[in-house]
Each structure stands twice: as C-alpha cells, then as structure tokens.
Amino acid sequence: DQQVKQNSPSLSVQEGRISILNCDYTNSMFDYFLWYKKYPAEGPTFLISISSIKDKNEDGRFTVFLNKSAKHLSLHIVPSQPGDSAVYFCAASGAGSGQNFVFGPGTRLSVLP
Amino acid sequence: DGGITQSPKYLFRKEGQNVTLSCEQNLNHDAMYWYRQDPGQGLRLIYYSQIVNDFQKGDIAEGYSVSREKKESFPLTVTSAQKNPTAFYLCASSILAGNPEQFFGPGTRLTVL
C-alpha cells in the first residue's frame, strides 16, 4: 500500500512551457515534503522542499504547492528546459514514518526541444 | 571534493552468495541510509544509521545486514536470504537523522544470476 503516490509514470512537455508534476499522499501525519530529481545512472539530488505550515515554496524556476486538505502536492517548473528531463521523486516524512522519508515511484519528465 | 561514493557501479553475483556493497562519505555526516529502487517503485528504506555503532531497520530489512564501525562508512551486505536481490541500491547521508536534505551516492546495480 503506497503512502506516497505519483500516478503519472511519465510526462512530456515542450521546452519553454510549464511542467506540472503531481504527488498524492495518504498519511495525514506527514508534515514535510520534498522533491528529488534523478538522472540515469546517478543518485537523486534534492530539489525543493515544503513544510506543512506553508502552502507554497518557490526557488527560481521551481515552485512546490501543498494542499493539505486534499493531501496533494505539485511541482511546477517554469519555463521547462531540456536539462530538466529526469525522473522526479516526491518524498514525505513526519511522525507517521518515524521521521524517515517515504518516496513515491517517480515521474519521468521529458522536455522536448 | 566532498561526496558519497558507492562501488562498484555494476555487480553480478551467483544466487546463494552473499555480497557486500560499499558506501563511503567524506561529508562528515552523522546519518547514513540504504535504499533499494525497483522499476515502477519509489526508493524503499532498507537500513539507516544515526550514529557510529548504531543502526536501525527500515521498511525492507529482511535479507540484509549492515555495519557502522566508522562514521564515513556504511556497507550493506545482501545475504542469500534476500529473495529478490536484483535491484538498484542507493546509499545516502545527511547531517542529522531526519534532516530533509539527504545526499545520495551514484548507486550500485546488483544483478543476481
């Protein structure tokens, strides 16, 4: 039973347009969320995070939105660039996970030139 | 250069053999983690260690063992008791346990023949 879900295994977006990656979670005890980016044959790298006391966090082209009532978060990338093509993992932590992180299955983003 | 190294990148073993995956970090991080990634699934936590000479089971510890004799090193042994050992293994570290920013190594792909 996955506590963190990323229902879109893949997403293709044209360069310059917005990429929206979605993540849903089931455990209401989660209070910290992160996005990681992973290139092939490399380990994931931390991208952006958000605490449950916020509903938005922005860092350059990347913005994460959190809707606690819907248990949903999304990562927006604007504008999308070919170098953004990677697998994006959503992760959550909180009292419900013993402070460890629970990862979603990932979404593969392809940004087309 | 500070970072996490995992070796080897690719590893092949015969069924029934134990195999040890290396993970070294020179970031002076206290906490270290081992994850497993399978196709279509997120990263699943195998073991983690918050401090030298101490480690805790993650979600899927059965068939694995670890040691943490030095702060810099956290080797993972995949034993013959692990039913499906073929996977991509990722090691990570963070300043403190539960710290949101975990730094990942490049991973080791283990194939058991």
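Chains as they are written, first to last, in the working numbering: chain A, 1 to 113; chain B, 1001 to 1113.
Glycine included, every Cβ here is placed at the ideal spot set by N, Cα and C.
Between residue 5/A and residue 89/A, is the Cβ-Cβ spacing less than 8 Å?
no
Is the CB of residue 1104/B under 8 Å away from at least one CB in chain A?
yes
Inter-residue CB distance, residue 74/A and residue 111/A (contact presumed, cutoff 8 Å):
Rounded, the Cβ-Cβ distance is 17 Å, inconsistent with contact.
Any contact of the region 20 to 36 of chain A with the region 1050 to 1060 of chain B, i.e. 3+ C-beta pairs under 8 Å?
no
Contact between the region 1001 to 1017 of chain B and the region 1081 to 1094 of chain B: three or more CB pairs below 8 Å?
yes
Using a cut-off of 9 Å between C-beta atoms, extract the partners of residue 40/A located in chain B.
None at all; the shortest Cβ gap to chain B is about 10 Å.
Residue burial classification, residue 1012/B (beta-carbon count within 10 angstroms, cutoff 16)
exposed
Residue 62/A CB to nearest chain B CB: under 8 Å?
no
Classify residue 107/A: buried if its beta carbon has 16 or more other beta carbons within 10 angstroms, exposed otherwise.
buried
Can you list the residues of chain A that residue 1016/B reaches, using a CB-CB cut of under 9 Å?
Per Cβ cutoff of 9 Å: no residues; residue 1016/B is ~28 Å from chain A at best.
Measuring CA to CA, which of 1015/B, 1046/B, 1023/B, 1022/B is closest to residue 102/A?
1046/B
Nearest-angstrom Cα separation, counted from residue 87/A out to residue 11/A
10 Å
Beta-bridge pairing of residue 1017/B - partner residues as DSSP gives them
DSSP output for residue 1017/B lists no bridge partner at all.
Under 7 Å from the C-beta of residue 1089/B: neighbouring residues of chain A:
Going along chain A, no residue has its Cβ under 7 Å from residue 1089/B, so there is no contact; the nearest lies around 10 Å.
Could you tell me which uninterrupted beta strand (DSSP E) segments, each at least 3 residues in length, are contained entirely in the region 32 to 83 of chain A, listed from first to last along the chain?
45 to 51, 56 to 59, 62 to 67, 72 to 77
Comparing C-alpha positions only, which one of 81/A, 82/A, 9/A sits nearest to residue 1042/B?
9/A
In three-state DSSP terms, what is residue 91/A?
strand
Residue 32/A versus residue 1022/B: straight-line alpha-carbon distance, rounded
30 Å
Do the region 1078 to 1086 of chain B and the region 1100 to 1108 of chain B meet, that is, are 3 or more Cβ pairs less than 8 Å apart?
no
Grab me the residues of residue 1051/B's own chain with a C-beta within less than 7 Å of its C-beta, minus the 5 sequence neighbours each way, in chain order.
1030
Helix, strand or coil at residue 1104/B [DSSP, three-state]
strand
For residue 1025/B, would you say it is in contact with chain A, using Cβ-to-Cβ distances shorter than 8 Å as the test?
no
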